[in-house]
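Below is one structure; the comments refer to it alone.
Protein chains in written order, with this note's numbering: chain L, 1 to 333; chain U, 1001 to 1537.
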């Protein structure tokens, strides 16, 4: 009996070890990439990279991308797409700055307006997708284009500089305990988003809808409502990103937020391979943003040209998601 | 030959004829060297030993049936043979030589073909287009040569003795014709052995008979068949030999001619199965307490006029042919679709659910027909799946989700229903069909419905799990739940207190449970009433 079972057990053990290794690589390969990046740059630039000032600067650089990418995560978790987040950010900034110029609204009110612009866009996206049954890619592309039109109609494509620009800039420049306000805002958004997705029925319903909308509907989940809310959360955070961008640049440019679209998608998809088997989640998205902004920071410290940023972002996305997906495939054998 | 074919067990007769023409030596040679064997196959998934030292063998021209409860390991064994799963130990032998099957294309290269439960057809493609998928391009430029593909498809039709419509999109074909397209596709490259997983699960009796004729054709051309099915009567009719698995171990292989449904069931379950029975409907005074009353419910064309009522603690069956409107009626009851006429009264109050959410909140739940596509998220854990309906029934979506209590609830449900899983964290797709079905039922039980509708609850579910499901239904009814069972397996409806029959969208008859025999229900489904018995012939 022992002579026959031993080789079998060996085969099983070996296979299981291989499976385990691949599975581990699939889940933690992305984190290894970030760790490797930190170690290598830490060795190359020991005096500048691993300082607390620089780490805070990385967090600060990544905070806006993180907020918009966390918003996008809601749409992706619900099984949808949102290509209008960049346009939403730009429009929110232009609308609230124009109101500050024309009607002298206060900064808190301007923040609220930006978020409300996001809310309206998210509602339109959600209604078009659920009630008109338009594919989310097409719907959000269309709504995004509408937003660009409205944006240009309001500001004629010119940057809008709000009157109280200094106090606006203070939001980005001021710190509490040495950490910029925007980092705190990002942390609050991340915690709130995590709680919403993992500790409420709404968040669990979003995951169910993303997993199998038919089963979710027959289980009593209000699929349309859940999707609309996901679009709204997504666009509201895009609106918030838009106005925070103004606190950084001092003016609302017509297409300032557009570049965040790609960064947000890169971070969220990279994040889907962080510690999970291809599921979108908030922590993964944040890790994705941090990986990209750490890389950007390193590129600047090493004195490389800016085009390396694009090369890096593309590479991180492909390698991160690719390794995860190959490893998962190997692990199932 | 002709006399043999008229014998209901003709296939075995013919095989015997073929063998008897061989001399004893040749016979030995055939037995030793030809055929497909799997020996000593073991496979483990996490903490679950799915297969333990399993050996089976199929000879050319023979039908081997693989039987066992859900979770016995049949699907895993087939998946290993197909190269979709890798065994931890054991080997596959073809004609006595080891065949290494590392991928589905290896299996195909060895002449092994598969028709899985999920047909994987493209609905909008025609039969020919579907059959062309995966076929080797036949012209020099690597393009598909439609003419030669059509020729090949017609050859396959001839081999099967049945030609499906090659030019109709498969979504317009019947379930059995779709299955035939899938079989045809698997034979586009010549096959020596074909494995069929639950082919007749949603076939009518006639369609099943047609499949058996096709199987006869295939075996007479020397193809060996591995046949997986829960329908034991048809297993005995179609197979030469039956191999039974239980909990991943080999129970034994038996000549089909020596088995009865009863003895086969005993091998599968490991003990005697008691007859389905039910308790009396609780009454108040001398009349049952009506829970749900449905009057003139309609949504043409599928549902035209449905009226019935169900009492507290009652099990009501709905019989009917495919297309009689039973599933559509169930969807009206839970608000997934909206009735254009008629009304419902639930516990004395008007009931007009706007959506499944509202129905669930009112206590009416539907366990849907297609458990994989409508009941489950296969990539998610057992625990998340069990939480789904509870979340769906929540009054406010901002209700907190508490992982620890959700886990405890899930563990209790898994224990109560005897779901076989390595843990509540295991992904849903790692469970067998019957256990998946238990999870779908458990998911809805968690919302404590007062009316539970089950649409074809035992399709693809083995006798053991079927018995457990009906035991569960019985005990739920005893606790006062009203249970509606929609089933095409009329023998199963014997468990009901009452059975209503639907035909062309209307409820046309009602039969007390003890009179609801298969024959009686079949007659009513076809509209053959007692006054015109001559229509029966």
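We put the beta carbon where it would ideally sit given N, CA and C, even for glycine. On a predicted model such as this, the values are computed, not experimentally measured, just so you know.
Is there a Cβ of chain U sitting closer than 8 Å to that of residue 220 of chain L, yes or no? Residue 220 of chain L belongs to the set of residues whose beta carbon lies under 8 Å from a beta carbon in chain U.
Selection of the stretch 1351-1377 of chain U by Cβ proximity to chain L, strictly under 7 Å: 1355, 1356, 1357, 1360, 1366, 1368, 1373, 1374, 1375, 1376, 1377
Consult DSSP for residue 161 of chain L and reduce its assignment to one of helix, strand or coil. coil
Span of the beta strand (DSSP E), counted from its first residue to its last, around residue 1253 of chain U: 1249-1255 is the span of the beta strand (DSSP E), which, as asked, contains residue 1253 of chain U.
Between the CA atoms of residue 311 of chain L and residue 175 of chain L - distance to the nearest angstrom: 32 Å
Under 7 Å Cβ-Cβ, which residues of chain L neighbour residue 1415 of chain U? The contact set of residue 1415 of chain U on chain L, defined by CB atoms closer than 7 Å, is empty, because the minimum CB distance reaches about 22 Å.
What's the call for residue 153 of chain L, buried or exposed, on a 16-neighbour Cβ count within 10 Å? exposed
Residue 1397 of chain U by DSSP, collapsed to three states: which one? coil
Looking at the structure shown, is residue 1293 of chain U part of a helix, part of a strand, or coil, going by DSSP? strand
Between U:1205, U:1227, U:1103, U:1146, which has its C-alpha nearest residue 1183 of chain U's C-alpha? U:1227
Pair within 8 Å by beta-carbon distance, residue 59 of chain L and residue 138 of chain L: No. Outside cutoff.
Beta-carbon within less than 6 Å of residue 275 of chain L's beta-carbon, same chain only, minus the 5 sequence neighbours each way: which residues are those? 27
Extent of the continuous alpha helix (DSSP H) to which residue 1471 of chain U belongs: 1463-1478
Is the number of C-beta pairs between the stretch 38-51 of chain L and the stretch 219-232 of chain L that are closer than 8 Å three or more? no
Rounded to whole angstroms, what is the Cα-Cα separation between residue 1337 of chain U and residue 1355 of chain U? 8 Å
Using alpha carbons as the reference points, say which of L:303, L:225, L:243 lies closest to residue 87 of chain L. L:243
Please decide whether residue 1107 of chain U counts as near chain L, where near means a Cβ-Cβ distance under 8 Å. no
Determine the DSSP secondary structure at residue 1031 of chain U, reduced to helix, strand or coil. Note on residue 1031 of chain U: pLDDT 45, under 50, position unreliable in the model; the coordinate value appears next. DSSP places residue 1031 of chain U in the helix class (H, G or I) of the three-state scheme.
Please report how far the alpha carbon of residue 211 of chain L lies from the alpha carbon of residue 1254 of chain U, in whole angstroms. 43 Å
is_contact[residue 52 of chain L, chain U] using C-beta, thresh 8 Å: no
Since residue 1092 of chain U sits in a beta bridge, which residues does DSSP pair it with? U:1038
Go ahead and pull the three-state DSSP assignment for residue 80 of chain L. coil
With respect to the beta strand (DSSP E) encompassing residue 1305 of chain U, which residues constitute its N-terminal and C-terminal limits? Start and end: 1303-1311.
Limits of the beta strand (DSSP E) - the one that residue 1156 of chain U falls within: No beta strand (DSSP E) contains residue 1156 of chain U, which is instead part of the alpha helix (DSSP H) from 1146-1160.
Which residue marks the beginning of the beta strand (DSSP E) containing residue 1547 of chain U, and which one marks its end? Residue coverage of chain U in this structure runs from 1001 to 1537, which leaves residue 1547 of chain U outside it and unanswerable.
Along the chain, where does the beta strand (DSSP E) containing residue 1052 of chain U start, and where does it finish? Residues 1048-1058.
Determine the DSSP secondary structure at residue 1482 of chain U, reduced to helix, strand or coil. strand
With 16 other Cβ atoms within 10 Å as the buried cut-off, status of residue 1514 of chain U: exposed
Starting from the C-beta of residue 1042 of chain U, find all residues in its chain whose C-beta is less than 8 Å away, skip the five residues before and the five after it, and write them out in chain order. The answer, listed in chain order, is 1049, 1051, 1052, 1053, 1054, 1087, 1088, 1089, 1090.
Which of helix, strand or coil does DSSP assign to residue 1200 of chain U? For residue 1200 of chain U, the three-state secondary structure derived from DSSP is coil.
If you measure from the beta carbon of residue 1265 of chain U to each beta carbon in chain L, is any gap under 8 Å? no
Is there a Cβ of chain U sitting closer than 8 Å to that of residue 237 of chain L, yes or no? no
Hey, out of L:319, L:222, L:320, L:295, whose CA is closest to residue 62 of chain L's CA? L:295
Would residue 1170 of chain U and residue 1125 of chain U be called neighbours here (beta carbons separated by less than 8 Å)? It is a contact, given that the beta carbons lie within the stated cut-off.
If the criterion is Cβ atoms closer than 8 Å, does the pair residue 1247 of chain U and residue 1065 of chain U meet it? With contacts defined as CB atoms closer than 8 Å, residue 1247 of chain U and residue 1065 of chain U fail to qualify as a contacting pair.
Below 8 Å between beta carbons: does that hold for residue 1362 of chain U and residue 1353 of chain U? At a Cβ-Cβ threshold of 8 Å, residue 1362 of chain U and residue 1353 of chain U count as neighbours.
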